[in-house]
Amino acid sequence: MRLIDTHTHLDFPDFDADRPSLMARASAQGVERMVVLGVHQANFQRVWDLACSDSRLAAALGLHPVYLEDHQPSHIEQLRAWLERLRGDSRLCALGEFGLDYYLPELDKARQQDVFEAQLQMACDFQLPALLHVRRSHAQVIATLKRYKPMRAGIIHAFAGSYEEAREYIKLGFRLGLGGAATWPQALRLRRTIARLPLDSVVLETDAPDMAPVMHPGVRNSPEHLPDIAQSLAESMGVPVEQLAEASTRNACELFGWQALH
396 MRLIDTHTHL DFPDFDADRP SLMARASAQG VERMVVLGVH QANFQRVWDL
446 ACSDSRLAAA LGLHPVYLED HQPSHIEQLR AWLERLRGDS RLCALGEFGL
496 DYYLPELDKA RQQDVFEAQL QMACDFQLPA LLHVRRSHAQ VIATLKRYKP
546 MRAGIIHAFA GSYEEAREYI KLGFRLGLGG AATWPQALRL RRTIARLPLD
596 SVVLETDAPD MAPVMHPGVR NSPEHLPDIA QSLAESMGVP VEQLAEASTR
646 NACELFGWQA LH
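Using the working numbering, the first residue of the sequence shown is number 396, and each one after it goes up by one.
Here it is in structure tokens:
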């Protein structure tokens, strides 16, 4: 079983003590590639250095809405400069993590929208997939995507919306990132939605170190948990885990423009 973890934060200090051994364990379980996403200007260099240090890793750079107070107008320009400098480098696979978060009331919606649209324009300009954080903001994100129509679409990270919202994203060419949240027994609505999704619309992710699955409660999440997540999701979807793994890996390779894993 070959897997791709399409969403990690392996640059976070949570992994400083054992990052190489963790990645070795993940690889031994079939997790062959992992995407590391930037969240604010201060971690761009760390994310990039990590991606340059190991061929199993790919980088995405972006300004996450939860860090809205950290983002300065100059950081948007610096992000564009990074993308210019790295244009064509295969180690840069996407723009992200960015999007809209309406769950946290202290995050100004108008300012979020400005930062979101600035990055969406960059995704269009540089023809990079967009890796989107969408929390209680599906209607606004869908409406914005319909205006921008990014050519390479992207991934809706940690998708937890309705089937109708899933259909809207799929029509726009987006894949739906599925991870630990759907393994919990209380996620009934999400599991019902997942059961209806076409296999060509999904990719697998951990969001490590966050969003640990039910079989690893209360611990640091890790790419090495992806096989267990895949098994649980496959049961919800009513397909063999090998079929889900093959489909999600193929979808990720198509999205990022990677050679298929053999």
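All C-beta atoms, glycine included, are put in the ideal place defined by N, C-alpha and C.
Within 10 angstroms of its Cβ, does residue i collect 16 or more other Cβ (buried), or is it exposed?
| i | result |
| --- | --- |
| D602 | buried |
| V614 | exposed |
| G574 | buried |
| C488 | buried |
| R542 | exposed |
| P460 | buried |
Got a sec? Which residues, its chain only, sit under 7 Å from residue i by beta carbon, not counting five neighbours each side?
| i | result |
| --- | --- |
| P622 | M396, L398, Q424, G425 |
| A576 | A553, A555, A582, L585, M606 |
| W477 | F439, L456 |
| Y558 | T588, R591 |
Kindly list the residues whose CB is nearer than 6 Å to the CB of residue i, restricted to its own chain and excluding five residues on each side of it in sequence; keep chain order.
| i | result |
| --- | --- |
| A642 | L594 |
| E563 | I537 |
| A647 | I399, T401, V598 |
| S532 | L495, Y497 |
Between residue i and residue j, how many whole angstroms is the CB-CB distance? I'm expecting something under 8 Å.
| i | j | result |
| --- | --- | --- |
| V510 | I537 | Their Cβ separation, rounded to whole angstroms, is 18 Å, which puts V510 and I537 out of contact at 8 Å. |
| Y498 | K504 | Not really, about 12 Å apart at Cβ, beyond 8 Å. |
| G549 | A513 | With a Cβ gap of about 16 Å, G549 and A513 do not count as contacting. |
In the DSSP output, which residue or residues are listed as bridge partners for residue i?
| i | result |
| --- | --- |
| A453 | V430 |
| R530 | D496 |
| A603 | T403 |
| V597 | L571 |
| H552 | H528 |
Relative to the alpha-carbon of residue i, which residue among the options has its alpha-carbon at the smallest distance?
| i | options | result |
| --- | --- | --- |
| R547 | G568, G556, A553 | G568 |
| A518 | P408, R506, L417, A455 | A455 |
| F651 | G483, R587, V634 | G483 |
| L628 | P612, E619, S596, I589 | I589 |
| E479 | D520, V430, V442, T539 | D520 |
| A446 | M418, Q467, V634, H611 | M418 |
| V430 | D409, G491, A561 | G491 |
| A453 | Q436, Q473, L432, R587 | L432 |
| E560 | F410, V529, Y543 | V529 |
| R527 | R542, R570, E427 | Here residue 527 turns out to be Leu, not Arg, going by the sequence shown. Among R542, R570, E427, the Cα nearest to that of L527 belongs to R570. |
| T539 | Q516, S557, Y558 | Q516 |
| S596 | G633, R451, E649, T403 | E649 |
Please work out which residues of its chain come closer than 8 Å, Cβ to Cβ, to residue i, disregarding the five sequence neighbours upstream and downstream, and give them in chain order.
| i | result |
| --- | --- |
| A625 | M396, L398, L599, V636, L639, A640, S643 |
| Q522 | M546, R547 |
| S422 | R451 |
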